[in-house]
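*Asks:* One structure, as structure tokens, below. Some questions next.
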Amino acid sequence: KIPGSAVLVFDVHIIDFHNPSDPVEIEVTHKPQDCNRTSKMGDFVKYHYNCSLLDGTPLFSSHDYESPQQTTLGLGKVIEGLETGLLNMCLGERRVLTVPPHLGHGENGGKGVPSSAVLKFELELLHMEEGVPDGYMFVWVADAPENLFEAMDLDKDGSVPLMEFSTFILTQVAEGKGRLMPGADKDKLLQDMFSNQDRNKDGKITSEELKLKADEDKERVHEEL
């Protein structure tokens, strides 16, 4: 029981603290001389990492698995601080990140991560593929065929089923004329693209149904206006 009008003396030992406005600290430890392109939002990347606490206690490492870690930047699949550190990297670049708690696992921590932990990441970017704009699953690298449906209708029977559609799209990718969303399940991607064009859901696409997404967006803006 504390007596009335008591003067109290506290002996305080600050274990840890952080400022919620602290950014991710990035130290570049190796940067290749040849760097024609850096990673950006939407890119699919593969990387190795070691994650530890500031005192050196190891937490996780991609080297413990058969293959590197991979993600598409901008989808929020990794903690915010790590995603920030993976941006604007050259292929083969290595970095050390210091991630404050509010950009990591926060006050509650995570599986294997203590609460309010400051995390240290050692990163190496191994692979990157250019992504596609938000909302797109496929983009043309070259101009699309003038008569897209005619080019897609491989057997010239006036309709395009899923198999024919998939063959056409994959041929465009193989020839460097188009690009699919990287990192996604290719079969599911093609199925979703086909379903978007098969507007009456009869299992085939007709010339009246087929539209480029850019044209759809223009029509939608016109309708809204």
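Here our numbering is used: the first residue of the sequence shown is 444, the next is one more, and so on. Note that the Cβ used here is the ideal one computed from N, Cα and C, for glycine as well. Nothing here was measured: the structure is a model prediction, and the numbers come from that model.
1. Are leucine 632 and methionine 624 closer than 8 angstroms when you measure CB to CB?
2. Please list, in chain order, all residues of the same chain as serine 650 whose beta carbon is under 7 angstroms from its beta carbon, the five residues on each side excluded.
3. To which residues of the same chain is glycine 552 closer than 8 angstroms at the C-beta, ignoring the five residues directly before and after it?
4. Go ahead and pull the three-state DSSP assignment for valine 467.
5. In whole angstroms, give me the CA-to-CA distance for valine 539 and valine 467.
6. For leucine 738, report the span of its alpha helix (DSSP H) as first-last.
7. Straight-line CA distance for lysine 563 to phenylalanine 453?
8. CB glycine 524 to CB leucine 546, shorter than 8 angstroms?
9. From this set, Asp465, Ser482, Gly499 and Glu565, which residue's C-alpha is nearest leucine 530's C-alpha?
10. For asparagine 590, which residues in the same chain have their Cβ closer than 7 angstroms to its Cβ, ignoring the five residues on either side in sequence?
11. Taking only three categories from DSSP, how would you classify glycine 553?
12. Measuring only the C-alpha atoms, how far is leucine 597 from serine 505?
13. Can you tell me whether asparagine 493 is helix, strand or coil according to DSSP?
14. Can the beta-carbon of phenylalanine 637 be found closer than 8 angstroms to that of phenylalanine 608?
15. By Cβ distance, which residues of its chain are closer than 8 angstroms to leucine 653, with the 5 residues on each side in sequence left out?
16. Measuring alpha carbon to alpha carbon, tell me which of Pro576, Thr500 and Lys656 ends up nearest phenylalanine 487.
17. Closest to proline 511 by CA distance: which of Gly485, Tyr492 and Gly601 is it?
18. With distances taken Cα to Cα, identify the nearest neighbour of lysine 599 among Ile648, Gln615 and Leu569.
19. What residues match up with isoleucine 612 in a beta bridge as DSSP calls it?
20. Between the Cα of threonine 514 and those of Leu568, His473, Lys620 and Phe581, spot the shortest distance and give me the residue it belongs to.
*Replies:* Once the coordinates are examined:
1. Mapped onto the sequence shown, residue 632 falls at position 189. Mapped onto the sequence shown, residue 624 falls at position 181. The answer is yes: Cβ separation under 8 angstroms.
2. The residue given as residue 650 occupies position 207 in the sequence shown. Here the set comprises Phe592.
3. The sequence position of residue 552 within the sequence shown is 109, counting from 1. Answer for glycine 552: Ser558, Ser559 and Ala560, listed in chain order.
4. Stepping through the sequence shown from its first residue, residue 467 is reached at position 24. Valine 467 falls in the coil class under three-state DSSP.
5. What you label residue 539 is simply residue 96 of the sequence shown in a count that begins at 1. What you label residue 467 is simply residue 24 of the sequence shown in a count that begins at 1. Valine 539 and valine 467: Cα-Cα distance of roughly 10 angstroms.
6. There is no way to answer for residue 738, as the model of the chain reaches only from 444 to 668.
7. As a working mapping, residue 563 is identified with position 120 in the sequence shown. As a working mapping, residue 453 is identified with position 10 in the sequence shown. Cα-Cα distance, rounded: 33 angstroms.
8. Along the sequence shown, read from residue 1 onward, the residue named residue 524 stands at position 81. Along the sequence shown, read from residue 1 onward, the residue named residue 546 stands at position 103. Cβ distance < 8 angstroms, so glycine 524 and leucine 546 count as in contact.
9. Taking the first residue of the sequence shown as 1, we reach residue 530 at position 87. Of the candidates Asp465, Ser482, Gly499 and Glu565, the one whose C-alpha sits nearest the C-alpha of leucine 530 is Ser482.
10. If you number the sequence shown from 1, residue 590 lands on position 147. No residues qualify anywhere along the chain.
11. As a first step, residue 553 must be located in the sequence shown, where it is residue number 110. In the structure shown, glycine 553 sits in a strand (DSSP, three-state: E or B).
12. Counting from one through the sequence shown, the residue named residue 597 turns up at place 154. Counting from one through the sequence shown, the residue named residue 505 turns up at place 62. Between leucine 597 and serine 505, the C-alpha separation is close to 44 angstroms.
13. By 1-based counting over the sequence shown, the position of residue 493 is 50. Strand, per DSSP.
14. Position 194 of the sequence shown holds residue 637. Position 165 of the sequence shown holds residue 608. Yes, the pair counts as a contact, with Cβ atoms nearer than the cut-off.
15. Translated into positions along the sequence shown, residue 653 becomes position 210. Contacts found: Leu591, Phe592, Met595, Val603 and Gln640.
16. Sequence index remark: in the sequence shown, residue 487 carries index 44 (1-based). Nearest option by C-alpha distance: Pro576.
17. Stepping through the sequence shown from its first residue, residue 511 is reached at position 68. Nearest C-alpha to proline 511: Tyr492.
18. Reading the sequence shown from its first residue, position 156 is the one you call residue 599. Selected option, being the one with the closest Cα: Ile648.
19. Working through the sequence shown from its first residue, we reach residue 612 at position 169. Per DSSP, none; premise fails for isoleucine 612.
20. Taking the first residue of the sequence shown as position 1, residue 514 is located at position 71. Nearest C-alpha to threonine 514: Leu568.
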